[in-house]
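Worksheet: the structure to be examined is printed underneath.
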Amino acid sequence: MLRCIFGSVVLIALISPGWAEEPAVVTKAFIDGTGPGWVTLGEADFDLINTDPDTFTWHGEEVHCKGTPVGVTRSKKKYTNFELVATWRHNKSGGNSGIFLWAGDDAFKNLKPNQLPPGGIEVQILDHGYAEQYEKSTGKKSDWFTTNGDVFPVGSSKMVPFEPKAPNNSGRSFPRKDLSKGIGQWNHYYVRAINGEVRLWVNGEEVSGGNNCEPRTGYLCLESEGAPIDIKGVRIRELP
-7 MLRCIFGSVV LIALISPGWA EEPAVVTKAF IDGTGPGWVT LGEADFDLIN TDPDTFTWHG
53 EEVHCKGTPV GVTRSKKKYT NFELVATWRH NKSGGNSGIF LWAGDDAFKN LKPNQLPPGG
113 IEVQILDHGY AEQYEKSTGK KSDWFTTNGD VFPVGSSKMV PFEPKAPNNS GRSFPRKDLS
173 KGIGQWNHYY VRAINGEVRL WVNGEEVSGG NNCEPRTGYL CLESEGAPID IKGVRIRELP
């Protein structure tokens, strides 16, 4: 568990319900992406890969994604070690989206519209209504994913997930707490990706992640996956 985040404010909250019990340590941090080394990413920093020209519409530091067709907009440059912040809100119940980290060149070969890259580490962005819709449409339990910040490897990529893990051995790291807000409300993600390890903070508290990721360098992607979503304040700080 990280004790220090450079240039950021970190609060370590010790929760001790009784003098005879060991205190639980909760790492909290709200990083807004300001300060030395932080760079704001905008339209000029991304390329459309397999979507329509109007799938992602930028207005300054905010981008609206209409959700169709399924696909991604990809960063122009590759990143290895970095911190990333982004604020997002779903505009439709059951909305699905995500941020891809470390997606390699092979993930974009012959990528067609209505496909997602088969590689990278995904930091998922799901609206709470997705679980109910999934169970209703499939008749299956939604116990293999959550709507509060799963982190997982995509396709041929690899990651050893932090506990708790999805029960189906999919490599998903489940969040330790349910902190995401519902439709129409802004949520804040802070991601720390360094030396093949990914850690996610949702609305100021660390919840999920994994290590031993492969690949551990590559592109960032914003995902269009069927529903409208707004994302703003995408900022990155590269680390050694």
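Residue numbers (this note's numbering): -7 to 232.
Here a beta-carbon is modelled for each residue, glycine too, at the ideal position from N, C-alpha and C.
Values in this document were obtained by computation on a predicted structure and should not be read as measured data.
Start and end residues, alpha helix (DSSP H) containing residue i
| i | result |
| --- | --- |
| Gln125 | Gly121 to Thr130 |
Reference residue i, options the options, closest by Cα
| i | options | result |
| --- | --- | --- |
| Arg208 | Thr47, Gly218 and Pro145 | Pro145 |
| Leu214 | Glu189, Glu155, Arg66 and Gly96 | Arg66 |
| Ile41 | Leu76, Asn106 and Thr130 | Asn106 |
| Arg227 | Val194, His82, Ala78 and Asn195 | Ala78 |
| Val190 | Glu124, Phe154 and Gly121 | Phe154 |
| Lys68 | Val194, Ser162 and Asp39 | Asp39 |
| Gly96 | Lys58, Leu108, Glu35 and His180 | Leu108 |
| Phe22 | Tyr211, Arg184 and Gly210 | Arg184 |
| Ser165 | Leu171, Lys173, Pro156 and Ser172 | Pro156 |
| Ile233 | Ile186, Gly202, Asn195 and Tyr181 | No answer is possible for residue 233: it lies beyond the span of the chain, which begins at -7 and ends at 232. |
| Asp37 | Leu103, Asp24, Pro28 and Tyr71 | Tyr71 |
| Lys20 | Gly131, Gly202, Val194 and Asp98 | Val194 |
| Gly52 | Val64, Thr32, Asp46 and Pro45 | Thr32 |
| Glu35 | Pro28, Phe48 and Asp98 | Phe48 |
| Pro28 | Lys101, Glu114 and Glu75 | Glu75 |
| Gly202 | Tyr211, Leu212, Asn187 and Gly210 | Asn187 |
| Leu212 | Glu114, Ser129, Gln125 and Trp136 | Glu114 |
| Asn83 | Asp98, Gly131 and Leu118 | Leu118 |
| Lys104 | Val64, Lys128, Glu124 and Lys132 | Val64 |
Sub-8 Å separation of residue i and residue j beta-carbons
| i | j | result |
| --- | --- | --- |
| Asn73 | Leu192 | no |
| Gln177 | Asp142 | no |
| Ser234 | Ile221 | Here the chain covers residues -7 to 232 and nothing more, so residue 234 does not appear. |
| Val62 | Asn140 | no |
| Gly253 | Thr60 | Given a span of -7 to 232 for the chain in the structure shown, any question on residue 253 remains unanswerable. |
| Glu54 | Lys224 | yes |
| Gly112 | Leu93 | yes |
| Ser172 | Cys57 | no |
| His120 | Gly196 | no |
| Thr138 | Pro159 | no |
| Trp50 | Arg229 | no |
| Arg81 | Asn161 | no |
| Tyr122 | Gly163 | no |
Enclosing beta strand (DSSP E) for residue i [first to last residue]
| i | result |
| --- | --- |
| Asp39 | Phe38 to Leu40 |
| Thr49 | Phe48 to His51 |
| Pro232 | Taken as a continuous stretch (DSSP letters only), Pro232 belongs to no beta strand (DSSP E), as it is neither H nor E. |
| Gly147 | Val143 to Gly147 |
| Glu54 | Glu54 to Cys57 |
| Thr65 | Gly63 to Ser67 |
Beta carbon proximity, residue i to chain C, threshold 8 Å
| i | result |
| --- | --- |
| Ile223 | Given the protein chain composition of this structure (a single chain), no chain C is represented. |
Where in the region 150 to 228 do unbroken runs of the beta strand (DSSP E), each at least 3 residues long, occur, reported from the N-terminal end onward?
150 to 153, 179 to 186, 189 to 194, 197 to 206 and 211 to 216
Which complete beta strand (DSSP E) runs does the region 72 to 120 hold, if anything under 3 residues is left out?
74 to 82, 88 to 95 and 111 to 118
Inspect the CB distances between the region 196 to 207 and the region 134 to 151 and report whether three or more fall short of 8 Å.
yes
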